[in-house]
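Everything below concerns the one structure shown next.
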Amino acid sequence: MQYNAKELASLATRPSSCFDKEGNLKICRVFGDGKFIEPRERWCRLKGNLLFLMKNKTKSCEASELVILERCCIVEFRNKADVSVVLKFQSGEPDLYLEAASRSDCESWAVALGEANSEGLRNKIHQLQRLIMEIKEERTADEVQQFLPSAQADSLAEPKLTGLKKTLCEPKLEFSLGCKDLVAPTRDRKLNTFVQITVVHPGEQNSTRYASTEIVEGTRDPLFLTGVTFPPDYPIYEETKIKLTVYDVKDKSQDTVRTSSLAEHKEPPRTDTGRSFLGCATFKVGELVKSKEQLLALSLRSLDGGKTFGTIEVSVVKMGETENGEADHITTDVKGEKCALVHECTSPENINSKDSLPLLNAVLRNPICKLYRFPTSDNKWMCVREQMSESTLSFHIPKELISLHIKEDMRRNQELKELGELAPHWDNMRKSVIAHCDQMLTLYQNMLAELGKHTGSSFKSSCSKGEKTLEFVPVNLHLQRMYVHSPRLKDVLYDVITVGAPAAHFQGFKNGGLQKLLNKFEGERRNTGYQCIYYSPENTAKAKEVLSNINHLQPLISSHADLLLNSARQHLPDSLKNSLKMLSETTELFVHAFKDQLIRSALLALYTARPGCVLKKPTVPRSSVEESGDTPNQDHPVQIKRQDSIPHHSEYDEEEWDRVWANVGKSLNCIIAMVDRLLEKDSPSITKENENDPSPAEHVATHISGDWYEQLYPLTVTLKDCIGEVVTRAKQSMSFVLLQELACSLPQCLMLTLRRDIVFSQALSGLVCGFIIKLHSSLRDQGFLQQLHTVGLVVQYEGLLSTYSEEIGMLEDMAVGISDLQKVMFKITEAKSDDLLPVITGRRGHYIIDIKLPEKMFELLPQEIKEGKLLHVYPILFNVGINEQQTLAERFGDTSLQESVNQDSLEMLKEYYRLLTEKMPPDCLPHFQEQNDLKRLLENLQQNIQAKKRKNVEIMWLAATICRKLNGIRFTCCKSAKDRTSMSVTLEQCSILRDEHQLHKDFFIRALDCMRSRQTQGALNESDDPETGCLTDNKPTSRHFYPVALLLVSSHLLVVWLILSLALLLAKYQ
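Heads up: the sequence shown is residues 7 to 1076, going by the numbering used here.
Given below as structure tokens:
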């Protein structure tokens, strides 16, 4: 940019009334390596997109620096104590750190700076435009008719665009484009053309650049593969005008082409040497939808409307509808042959039915759609709609999880406090643990509060992955969906969940990731110098499971006992039997849950931690105790003394726990025997036999049967007392085990727990999103539903992280987080309200996700799932690094982590396949008819993993193919779910079109370029550039359109590039 220095100097010294905001700020530059100069106080004056930094407030003072607030984003720290913001520039210049005097002053500066640039001004204009359009759309049908010209209003029997319902799955309008007989500027010139689509809303004069097609080279009759689609929330009417402008690109590689075809908030069209104007045409939406065969042939004219430069044809595409009559035929040459373009498409088995829309609307939002048409090998045409949507679960799942963690930690702290009196050493240890746990609890509560304040976009952009308050939120979680309609084949949906690798970015990877940290921590815990008792991770997990069973089963037993007494009071035999059955089953679960040697050993350890403990060896062998228990009164529980805690200041009897635990079973046996006697005395047959022969026994029986409640009440009280005694001892002993885990390495243990919670939260958010989407799209597939409740679902993660530098730590985090997903189970219930968001219950290591379905969708489920059967998932991760860092790792580093992760996942995949073949009939899965094909794929995958070939992308393609054939859920992950993820997803989509839908081999590269090209980016006129990293309130920023990644083709090209670059650098500095 060029500026007039004198005018800027004059502007800087103008009166305060000429500026938008003024004030003192401490300012410094922050360099890429983290170094910065001490902040200096400056008098800041903001005017439009210019920020003047004055040395002081005096009128005569000149500006020391001028900051242009363009192509930058504002990073505001969400912590209440922070009073600073950072300006990050896309140009690469150092960040600008600004510190205010107070939090309120900081927030006002952040708002002013964010709205100062041209982007902020355009966003305001867009918001006003959308608000006006929404108000217009909400008008009644009569008002809409008045908006249209009277002649059209009278002839408009059934409007096709006005008043359309806003649905997630059905775009309002889609059309394709093609040109004929274009006139070149010179005779020898071969045209390289593309079409820019501009929208003029009713009642407005300004136009909105909406989308562009791809560039078609070397022809005067281009047929564009990229169509135009308007999403359901776009305000389009029959009076909306659409302008089509055709350009000739002289150099396809120049950035001017890309810049000119971006969204409306970018720079205006440039008339430079990169492209030249050929002609334009304008039409109204009503003219297109009401034309014969919904086809328009428009003349391309110059700007003054005089000269004609050719014809452009616009044809409506109807995916999801089938109309009677002939299909529209636009022809193009494919190796000299003609292809008939068939536009009509049918939706796959009512996938987008109205009943299922509430579920999708609850989970997905802000869809971005793109439309393509590609030729097949038999010279037909297929229609492809690509859709990317944000997920509301990005923030919902983390908030649910943090709430569970807070409740679990509060319960744990209370249990530690209830351990009773301990020796000074152990008591000091407990106080230290509780103090640290309270600090972590406060941290979780603050994080939950900050997430509750979040508004705006429903996903976390890549530039926020290191933000502390968003640690639990996954990066760039989106659904990438491809809907394919091809001739002679069934319509198919292909879904891939794209998300950044689950990792603790804020905590960093200086000391490695979770896998390395956990192994190091476990080794240190075994060190005897910690002055605490070592329990293995298995025993610690068992202790947590016992505490969870206590909190779950004790209330159930008490409830069933009360139901039993209520049935006895009302003298209901059938109800009494049912209540007794439930009480017996629950009590048996309770007894088996505490039949563990860990509790016995922990009780002894806890006793030794009491002040003045004395151990007493058992004087009676256990076998003798069992034999002596065989007496006439063996059904009655041994009388025990109620105690507040495990005995101390006295001798400890190691057999006491056996007696306490056995009393529960004996109390239950007493209740069962009493109920049997009551029901036997009350039976009609016995009563009839004794009618004619009254005896004293009859009076006893009548007395017993008439006082059921009095007979059962003392027995149930005894049962509850016995259970209470068991619970008290077991809870204290297991809390003591957890105290050892925390005390062994107090700060490190809690920080590892936090890191693991963060990584798990990110992984779980994606899993729940993928599960809901898969359930929705396969709800009418009975084979899939049977597979779901019989075996479970395989969830395949495709990782693209390198095993070098920080990314090896990310891979370690990701591997542990995905492995922890094995502890997750799903349960599907019928929704009782309009709230369809999932609910999480359970504890660390055991979570149940409650998925709510509307009534009509719930009715389609098998009875097993309706009855609440828990559904399992089998998460597997296959990682193949593909970037330049992986080249360094393979040649000079270590790839053992990647090899072990892939090998472990292969074993789990083979185990899942074995279970599936054993438990599922072959005819339930459509792909299971290809048994040999699946076996061959698994063998091929194993061979590729064992081959240890460099950058073996065949592993990814094989794993993805197997996952699709097994009805699995597909994920693709890299560091931020942008560049590498986009390359993989688009390559996979084109490979599917080639292998499954007969995409013409000559159009594979062109189809790939269409999907990856930002030139064809549509519906992004209201969002920021994905690479700027700015958060927006409307659209996703991580769009999968980037240049072709040569690394997916060959690593040797990168090596050559590195060598040449090194040679050039050496030559430069010599």
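Note that CB positions come from ideal geometry on N, CA and C, so glycine has one too.
Check                                                                                                                                                                                         : Outcome
Would you mind reading off the limits of the alpha helix (DSSP H) that contains Gln831?                                                                                                       : Note that residue 831 corresponds to Met in the displayed sequence, not to Gln. No alpha helix (DSSP H) holds Met831; the beta strand (DSSP E) holding it covers Val830 to Glu836.
Less than 9 Å separating the beta-carbons of Leu119 and Val89?                                                                                                                                : no
Evaluate Ser397 with the Cβ neighbour count: other Cβ atoms within 10 Å of its Cβ, from every protein chain shown; 16 or more gives buried, anything less gives exposed.                      : buried
Mark His1079 as exposed unless 16 or more other C-beta atoms lie within 10 angstroms of its C-beta, in which case mark it buried.                                                             : Since the first residue of the chain shown is 7 and the last is 1076, residue 1079 is not available in this structure.
Quick check on the DSSP output: what are the complete alpha helix (DSSP H) runs of length 4 or more inside the region 877-917, in order along the chain?                                      : 890-898
Mind checking which residues open and close the alpha helix (DSSP H) that includes Pro720?                                                                                                    : Trp714 to Cys750
What does a CB cutoff of less than 8 Å around Ser70 pick up in its chain, not counting 5 residues either side in sequence?                                                                    : Arg48, Leu59, Met60 and Lys61
Assuming Val830 and Val879 are in contact, meaning their beta carbons sit under 8 Å apart, how far apart are those beta carbons, in whole angstroms?                                          : 6 Å
Please go through the same chain and pick out, in chain order, the residues whose beta-carbon is closer than 8 Å to the beta-carbon of Gln891, but skip the five residues on each side of it. : Ser808, Tyr810, Ser811 and Glu813
With distances taken between CB atoms, is the gap from Leu457 to Pro508 smaller than 9 Å?                                                                                                     : no
Comparing C-alpha positions only, which one of Glu662, Gln717, Lys872 and Arg46 sits nearest to Asn683?                                                                                       : For the record, residue 683 in the displayed sequence is Arg; it is not Asn. It is Gln717.
Do the CB positions of Leu1014 and Val390 come within less than 9 Å of each other?                                                                                                            : no
Provide the residue(s) that pair with Trp387 in DSSP beta bridges, ordered along the chain.                                                                                                   : Pro381
In angstroms, rounded to a whole number, what distance separates the CA positions of Thr232 and Glu220?                                                                                       : 6 Å
Can you tell me which of the three DSSP states Met588 falls into?                                                                                                                             : helix
Compute the distance between the beta-carbons of Val369 and Leu859, then report whether it is under 9 Å.                                                                                      : no
Pick out whichever of Glu594, Tyr500, Leu604 and Leu485 has its Cα sitting closest to the Cα of Pro543.                                                                                       : Leu604
Less than 8 Å separating the Cβ of Asn452 from some heavy atom of the ligand ADP?                                                                                                             : Of ligands this structure carries none, so the ligand ADP is not represented either.
Could you tell me how far apart the beta carbons of Cys286 and Lys313 are, in whole angstroms, since I believe they sit closer than 8 Å?                                                      : That belief does not hold up - the Cβ atoms of Cys286 and Lys313 are roughly 12 Å apart, past 8 Å.
Per DSSP, which one or two residues make a beta bridge with Lys466?                                                                                                                           : Val481
Measuring CB atoms only, is the region 754-763 touching the region 514-533, in the sense that at least three cross pairs come out at less than 8 Å?                                           : yes
So, do the region 769-779 and the region 592-604 have three or more beta carbon pairs nearer to each other than 8 Å?                                                                          : no
By how many angstroms is the C-alpha of Asn55 removed from the C-alpha of Glu76?                                                                                                              : 7 Å
Return the residue from the list Pro241, Pro868 and Lys587 that minimises the CA-CA distance to Gly209.                                                                                       : Pro241
Taking 7 Å as the limit between beta carbons, can you name the residues of its chain near Glu44, skipping five residues before and five after?                                                : Cys34
Residues in the same chain with beta-carbon distance under 8 Å from Lys957, minus the five sequence neighbours each way, listed in chain order, please.                                       : Val886, Gly887, Ile888, Gln892, Thr893, Glu896, Leu1053 and Ser1057
Comparing alpha-carbon positions, which option in Gln96, Leu102, Cys79 and Ala15 lies nearest Phe42?                                                                                          : Leu102
Is the beta carbon of Asp497 closer than 9 Å to that of Met488?                                                                                                                               : no
On the DSSP bridge assignment, give the partners of Asp501 in chain order.                                                                                                                    : Arg487
With DSSP run on the structure shown, which of helix, strand or coil describes Gly514?                                                                                                        : coil
Cα separation between His207 and Ile80?                                                                                                                                                       : 32 Å
Let me check understanding here. Comparing Cα to Cα, which of Tyr919, Pro238 and Tyr803 lies closest to Trp963?                                                                               : Tyr803
Measure the alpha-carbon distance for Pro834 versus Glu406 and round it to whole angstroms.                                                                                                   : In the sequence as presented, Pro is not what sits at residue 834; that position holds Ile. Ile834 and Glu406: Cα-Cα distance of roughly 17 Å.
For Ile203, does the three-state DSSP call read helix, strand or coil?                                                                                                                        : strand
Does the distance from the C-beta atom of Thr847 to that of Ile854 stay below 9 Å?                                                                                                            : yes
Which of the three DSSP states, helix, strand or coil, is assigned to Lys225?                                                                                                                 : Lys is not the amino acid found at residue 225; the sequence shown has Thr there. Of the three classes helix, strand and coil, the one that applies to Thr225 here is coil, per DSSP.
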